[in-house]
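Enquirer: Pasting a structure here, questions to come.
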């Protein structure tokens, strides 16, 4: 406590009375750790004079030099180094004091460590160099210092990421510019074949994307799944990045390894604003993936109503078939997407379309145990049938009125059709009729008759 608070006289008194100079706290910190973290040089000198271990380790294997580097206390760092501290001591993540100073942005400490022989490209447990962590953290002054001292601009970590990948991930445009000015590969690839532009597109950093493109980044670079930056921007819903990529010539219908276009991916994720942007730039509304599914199929699978509506408004085929002859309605029903299912029916989707197993959407709803959806589908279908019949009846009535010049027979033709007899129906059918579902029951009964061999 006295070391942490800087009370030198108390510290001396305690030591004179037999206090252990390397006594351990709850996290195995020694008094020298505490003094180094808090910046009390006089206490640090006192403790060292009384025999404190200069490289004592706490529970994270940090030395006092790590602590001083974390807090940015250059004077303490110098004192510890003068007393023999290991300049490249490693903590439990294999971070050296230079890593720690680079993470925290303490340029003065970094310079001190480098002047005392710190390895500029020392590797942490995931093979990150100090330049990786400075780039990720956004410390341009540290990055410049490290580069001036010989740091590898394209050093690779365990995922094969370069410092430029790290800066692109975090959105640090100034770091990206610094690295590019020092010769960083603009299209360097990580272990998933992502370029820095892929990373900036995933994270939505438009300013970094522009910088990379200005420096020659491939706008349609492919990762290990053949995704372009436009695919990943569409997946994450970053419309501003998508616009930037399209303005720079990105292929709007680029195909990934399963033939997905950016519109497929945006539709699957429900990013309506991106879908609209892609369509405005000429994306094929009925593009097919490896299963011959359109964006409307994948939006229906995910239950994305707004995107479904957008695709339909832009002319998507409501009954497009995939490799298994499934329509978007088949898939919406299979995954229990009630709202999308009803929307598709309202837009003309066939409730009697058969897939490769000769199943209708109603069959699928029943097979999945979704009785409510089955009834809703039948109800909506019967309502459409009734509307169609009414329209036909109205047309016939008009014809008769014209033919007979207002004869009494015309009035008879407009009377509603008789309700189906319920005498031979089971109790369940009668219940539906009584509940006002007579048209639905008629539709289901007619449908079952058609299904009988």
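Residue numbers (our numbering): 2 to 454. In this text, a Cβ means the ideal position worked out from N, Cα and C, and glycines have one as well.
Below 9 Å between beta carbons: does that hold for residue 156 and residue 168?
Expert: Their beta carbons are not under 9 Å apart, which means residue 156 does not touch residue 168 by this criterion.
Enquirer: Short of 7 Å in beta carbon distance, which residues of its chain neighbour residue 159, apart from the five on each side in sequence? Order them along the chain.
Expert: So the list reads 127, 128, once near-sequence residues are dropped.
Enquirer: Which whole-angstrom value is the C-beta distance of residue 243 and residue 220, which I expect to be below 8 Å?
Expert: The Cβ separation is near 12 Å, so there is no contact.
Enquirer: Can you find the residues in the same chain that come closer than 7 Å, C-beta to C-beta, to residue 233, ignoring five residues on each side of it along the sequence?
Expert: Within the same chain, residue 233 has close Cβ partners 199, 202, 203.
Enquirer: Between residue 145 and the rest of its own chain, which residues show a CB-CB distance below 7 Å, the 5 nearest in sequence each way excluded?
Expert: So the qualifying residues of the chain are 179.
Enquirer: Using the C-alpha atoms, what's the distance from residue 294 back to residue 322?
Expert: Answer to the nearest angstrom: the Cα atoms are 7 Å apart.
Enquirer: Using the Cα positions of residue 116 and residue 142, report the straight-line distance between them to the nearest angstrom.
Expert: Distance between the alpha carbons of residue 116 and residue 142: 16 Å.
Enquirer: If you draw a straight line from the C-alpha of residue 26 to the C-alpha of residue 64, how long is it?
Expert: Cα to Cα, the separation comes out at about 14 Å.
Enquirer: Using C-beta distances below 6 Å, list every residue in its chain close to residue 247, excluding the 5 sequence neighbours before and after it, in chain order.
Expert: Cβ neighbours of residue 247 beyond the five flanking positions: 282.
Enquirer: Give every residue of the same chain whose Cβ lies closer than 8 Å to the Cβ of residue 367, excluding the five residues on either side of it in the sequence, and list them in chain order.
Expert: Excluding residues within five positions, the ones whose Cβ falls inside 8 Å are 375.
Enquirer: Looking only at its chain, what residues have a beta carbon closer than 8 Å to the beta carbon of residue 256, apart from the 5 residues adjacent to it on each side?
Expert: Within the same chain, residue 256 has close Cβ partners 227, 262.
Enquirer: Judging by CA-CA distance, which residue of 230, 314, 85 is the nearest neighbour of residue 195?
Expert: The option with the nearest alpha carbon to residue 195 is 230.
Enquirer: If you measure between the beta carbons of residue 152 and residue 188, is that distance less than 9 Å?
Expert: No.
Enquirer: Over the uninterrupted alpha helix (DSSP H) stretch that includes residue 133, give me the two end residues.
Expert: Note, residue 133: alpha helix (DSSP H), 131–138.
Enquirer: What is the DSSP secondary structure of residue 27, counted as helix, strand or coil?
Expert: Note: residue 27 maps to coil in three-state DSSP.
Enquirer: State the Cα-Cα distance for the pair residue 41 and residue 125, rounded to the nearest angstrom.
Expert: For residue 41 and residue 125, the distance between alpha carbons rounds to 28 Å.
Enquirer: Quick one: give me the first and last residue of the alpha helix (DSSP H) that residue 306 is part of.
Expert: Unbroken alpha helix (DSSP H) run through residue 306: 306–314.
Enquirer: Classify residue 297 as buried or exposed, calling it buried when 16 or more other Cβ atoms lie within 10 Å of its own Cβ.
Expert: When all chains shown are included, residue 297 counts as buried.
Enquirer: Which residues in the same chain as residue 425 place their Cβ atom closer than 6 Å to its Cβ, once the five residues preceding and following it in sequence are excluded?
Expert: Note that residue 425 scores a pLDDT of 38, beneath 50, so its modelled location is shaky; the value from the coordinates is reported in the next line. Here the set comprises nothing.
Enquirer: Output yes or no for whether 9 Å exceeds the beta carbon distance between residue 310 and residue 362.
Expert: Contact flag unset, no.
Enquirer: Under the three-state reduction of DSSP, which class applies to residue 155: helix, strand or coil?
Expert: The answer is coil: DSSP assigns residue 155 none of H, G, I, E or B.
Enquirer: Beta carbon of residue 110, beta carbon of residue 73: below 9 Å?
Expert: It is a contact, given that the beta carbons lie within the stated cut-off.
Enquirer: What are the start and end residues of the alpha helix (DSSP H) that includes residue 69?
Expert: Here the alpha helix (DSSP H) through residue 69 covers 65–72.
Enquirer: Keeping to the same chain, check which residues put their C-beta closer than 6 Å to that of residue 130; ignore five residues upstream and five downstream.
Expert: 122, 156, listed in sequence order.
Enquirer: Could you tell me if residue 30 is buried or exposed, where buried requires 16 or more neighbouring beta carbons within 10 angstroms of its beta carbon?
Expert: Flag for residue 30 reads buried.
Enquirer: Cα separation between residue 312 and residue 192?
Expert: Approximately 35 Å between the Cα atoms of the pair.
Enquirer: Let's test the definition: count the other Cβ atoms within 10 Å of the Cβ of residue 17 and tell me whether it reaches 16, buried, or not, exposed.
Expert: Residue 17 comes out exposed.
Enquirer: To the nearest whole angstrom, what separates the beta carbons of residue 97 and residue 46, a pair I think is in contact under 8 Å?
Expert: Contact flag wrong, Cβ pair sits at about 24 Å.
Enquirer: Quick check: what's the CA-CA separation for residue 91 versus residue 237?
Expert: Distance between the alpha carbons of residue 91 and residue 237: 37 Å.
Enquirer: Considering only C-alpha positions, which residue in the set 270, 258, 308 is nearest to residue 292?
Expert: Ranking the options by Cα distance to residue 292, first place goes to 258.
Enquirer: Just to confirm, are residue 101 and residue 60 a CB contact at a threshold of 9 Å?
Expert: It is not a contact, given that the beta carbons lie outside the stated cut-off.
Enquirer: What's the C-alpha gap between residue 327 and residue 136?
Expert: So the two alpha carbons sit approximately 49 Å from each other.
Enquirer: Excluding the 5 residues preceding and the 5 following residue 161 in the sequence, name in chain order all residues of the same chain whose CB lies nearer than 6 Å to its CB.
Expert: Answer for residue 161: 191, 192, listed in chain order.
Enquirer: Do residue 265 and residue 240 have their C-beta atoms within less than 9 Å of each other?
Expert: No, they are not a contact pair.
Enquirer: What would DSSP say about residue 60, mapped onto helix, strand or coil?
Expert: Three-state result, residue 60: coil.
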